[in-house]
Amino acid sequence: MMENCRNLNQFIQQTRSTMTSVHSFECREQALQKVLVYNDRAEIKRLVKCDLKPGMNELQIKNLPDSYIHDSVRVTGHGDAIIHEVQAKHVPVTRAEKDSPRLAELRQLVKDKEREINELNAHKEILTKEKDGFDKILIQLGSGAVQPGQSSPFVLNNETFTGLSQFFTFYRNSQIQTKNAIRTDEETLEVKNDELNKLRNELFQIEHRGGHSLTLFVQLETQAGGAITMDLAYQVHNARWRPSYDIRVETGEKKRMTITYFGHVAQGTGEEWANVQMFLTTAQPCIGGDVPELGTLDVAIRPPTPPPCQPCPTQIQQYGYAAPMAYGAAPRALRKSMARGGGGAERQMMVAECAMDMDVAIATVQSNTTSTEFAIEKLANIPPDNSEHKVTIGAFEVEPHLIHECVPKKSTNVFFVATAVNQSELALLSGEASVFLDNAFVAKSNIKDISPGERFNVSLGVDPSIRISYKPAREYKEQKGVITKNSSNIHEQIVNVKNTRRDGILLTLKEHVPRSTDEKIKVTLLEPQAVVNASGEVSVSEMPVAQKEGAKISSANNLEWTVAMPAGNQKDLKIRWQVEFPKDDRIEYCEKF
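Going by UniProt numbering, the sequence shown opens with residue 1, and the numbers climb by one from there.
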């Protein structure tokens, strides 16, 4: 009975296998239609063509990349068939079945190189033995010439001298040739070993580890059979892109700023991206799609903290105990050093870039609900070597306004700044920019995210023709009031500005004015007279397109003072503000960003 059941099961399995037609494909051999690159992954789209037979068909797409992201596969088809099931699972395979063409080629190259090295080592070993054999003959000849206590069979005559001369000549020539041959083999071996190490490193970088292959099984059913096309899409790790910019500003009669937008693409997925349509997207799937949950904030009475142990006077004298100093109570010179941050500006490494005067291909821009896609104009070739390959997204021109700005409390350098509005349809992401002024490299800079229609600034480096001297600040203290006593601190800062240029400029100087966070503290700007910008954030249309003389308080409560500096002129700019607070209270200053 058991034997009959076993035979019946075998018959059913054989019947099922004959009813299902199996079609095998190599994933890397299917046509690459599109690559969509995110900042931390990529989506691969391939086209699979197959001739189905009537009934059930199973498509086996073998050797999906090891960087495949679980549950990211999507399959759609065109043709007379129904997709019943799509499943990806690991299948045991041999190394030869899993190796890509490049990997198989590297393995063969490593074997050939190892064979060459073994042959050179064998040749070197033979030469070494030949040299050692001649040395032994010479030693035996010398030891047998004279034997102590016996009559020597070695007779010194002309015939002996002639034979010795011929022998030593032969020995010398053969030894020179042998040692030269050994030295040549050693030099060749050094080169061959370097080549072998290079091949092994490349093999290690792209080698598929493990003895399993990720295979995609697609179950289809068709009545009449026939040709179908199937779109296969899946996501992979080890792929990324980042933006960079080439910003060129011309200050001639017609001022213009040219921004070239680049994308740096790198991938180590194990797949070759050859002659493929490349898309770069600003979407960030790594952030996640769920709204974060907010818990309940409870407030409770904190139990009283026990007072700290007070040291006795002897301990104070012995160990020099002192209470920690608050920032507001620190000496004025120390507070200035802390506010300035200490030290000068760091030196930046300058990287030469080639100027591009030729036309630049513009990527097609597609704006989605939450992201933007850039379709690269030229077909891309990105090998799986994890090195960055630059592709051009686009370029556009804007009309800049050139201004001078300085924050003397942080740095006495005066910066040349270009301000403009992004009038293109390209959304600029945060990235590194190489800035050129009149075809001369001036700085490496970083720009923030800039949407179309948004105003942005680009620093063009330091203008050494404008010199700033930041004088030591002066502070005056006094008391006011008859019934209610208040303390008043007056802060006075002198900034000396000298223009050594041949033309006049407008300079915007930015300086702190404290902002009160307590109703008992009153801050008054005494000099200069400034207009308060109470609107906070302003729109692009409200932002000034050029500098104008005058002072204002920005939305960050900082003084922005624009002054005219004629050529060869020098000015002392005085900034005074007053802080009033209750006499028995102490205040402290804290810079927040």
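For glycine and all other residues, C-beta sits at the position ideal for the given N, C-alpha and C. Quick caveat, the model's predicted, so the values are computed rather than measured.
- In this structure, does DSSP put Leu507 in helix, strand or coil? strand
- Rounded to whole angstroms, what's the CA-CA distance from Asp246 to Phe441? Just pull it up for me. 10 Å
- Task: Please name the residue or residues paired with Glu388 in a DSSP beta bridge.
- Result: The partner list for Glu388 (beta bridge, DSSP) is empty, contrary to what the question assumes.
- Query: Do you know offhand how far Arg586's Cα is from His512's?
  - Reply: 20 Å
- Hey, quick one: how far does the beta strand (DSSP E) through Ile450 stretch, first residue to last? Ile450 -> no beta strand (DSSP E), and no H or E assigned at all.
- Distance CB(Val276)-CB(Pro65) smaller than 8 Å: no
- Query: Do you know how far the Cα of Arg107 is from the Cα of Val48?
  - Reply: 29 Å
- Assign Gln493 to one of two classes, buried (16 or more other C-beta atoms within 10 Å of its C-beta) or exposed (fewer than that). buried
- Task: Compute the Euclidean distance between the alpha carbons of Lys390 and Val249, then round it to the nearest angstrom.
- Result: 22 Å
- Message: Taking the straight line between their C-alpha atoms, what separation do you get for Asp449 and Ile403?
- Response: 21 Å
- Grab me the residues of Ser465's own chain with a C-beta within less than 6 Å of its C-beta, minus the 5 sequence neighbours each way, in chain order. Thr500 and Arg501
- Message: Do Leu426 and Gly394 count as a contact pair if the criterion is CB distance below 8 Å?
- Response: yes
- In chain order, what residues of the same chain lie with their CB nearer than 6 Å to the CB of Asn158, ignoring the 5 residues before and after it? none
- Query: If we ignore side chains and look at the alpha-carbon of each, how far apart do Gly461 and Phe416 end up?
  - Reply: 6 Å
- Query: Based on the DSSP secondary-structure assignment, which residues constitute the bridge partners of Asp572?
  - Reply: Asn496
- Message: If the criterion is Cβ atoms closer than 8 Å, does the pair Glu116 and Lys45 meet it?
- Response: no
- Message: So, for Pro383: in the same chain, excluding its five sequence neighbours on each side, which residues have a beta-carbon less than 7 Å away from its beta-carbon?
- Response: Glu272
- Task: Taking 8 Å as the cut-off, decide whether the C-beta atoms of Pro452 and Ser424 are in contact.
- Result: yes
- Task: Mind reading off the beta-carbon distance from Ile61 to Leu232? Whole number of angstroms is fine, and I expect it under 8 Å.
- Result: 7 Å
- Item | Separation of Glu114 from Lys131, as counted between CA atoms | 26 Å
- Item | Whole-angstrom distance between Leu196 and Thr128, CA atom to CA atom | 24 Å
- Span of the beta strand (DSSP E), counted from its first residue to its last, around Ile587: Neither: Ile587 is in no beta strand (DSSP E) and is coded neither H nor E.
- Item | N- and C-terminal bounds of the beta strand (DSSP E) containing Cys50 | Ala42 to Leu52
- Query: In this structure, what does DSSP give as the bridge partners for Asp231?
  - Reply: Leu47 and Thr76
- From Glu186 to Glu119, what does the alpha carbon distance come to, in whole angstroms? 12 Å
- Query: Between the beta-carbon of Gln578 and the beta-carbon of Ile490, is there less than 8 Å?
  - Reply: yes
- Task: Pick out whichever of Leu509, Glu125, Ala266 and Phe134 has its Cα sitting closest to the Cα of Val37.
- Result: Ala266
- So is Leu379 buried or exposed if we call it buried at 16+ other beta carbons inside 10 Å? exposed
- Message: Do Ile553 and Ala530 have their beta-carbon atoms positioned less than 8 Å apart in this structure?
- Response: yes
- Message: Considering Cα atoms alone, identify which of Ile69, Phe396, Phe374 and Cys50 is closest to Leu280.
- Response: Phe374
- Task: Report the residue from Met278, Phe170, Thr188 and Gly79 whose alpha carbon sits nearest the alpha carbon of Lys124.
- Result: Thr188
- Item | Nearest-angstrom Cα separation, counted from Val414 out to Ala564 | 14 Å
- Extent of the continuous beta strand (DSSP E) to which Cys406 belongs: His401 to Cys406
- Is the segment 237 to 244 in contact with the segment 84 to 93, if contact means three or more CB pairs nearer than 8 Å? no
- Proximity of Lys471 and Ser487 at Cβ, strictly below 8 Å: no
- Helix, strand or coil: which one does DSSP assign to Asp463? coil
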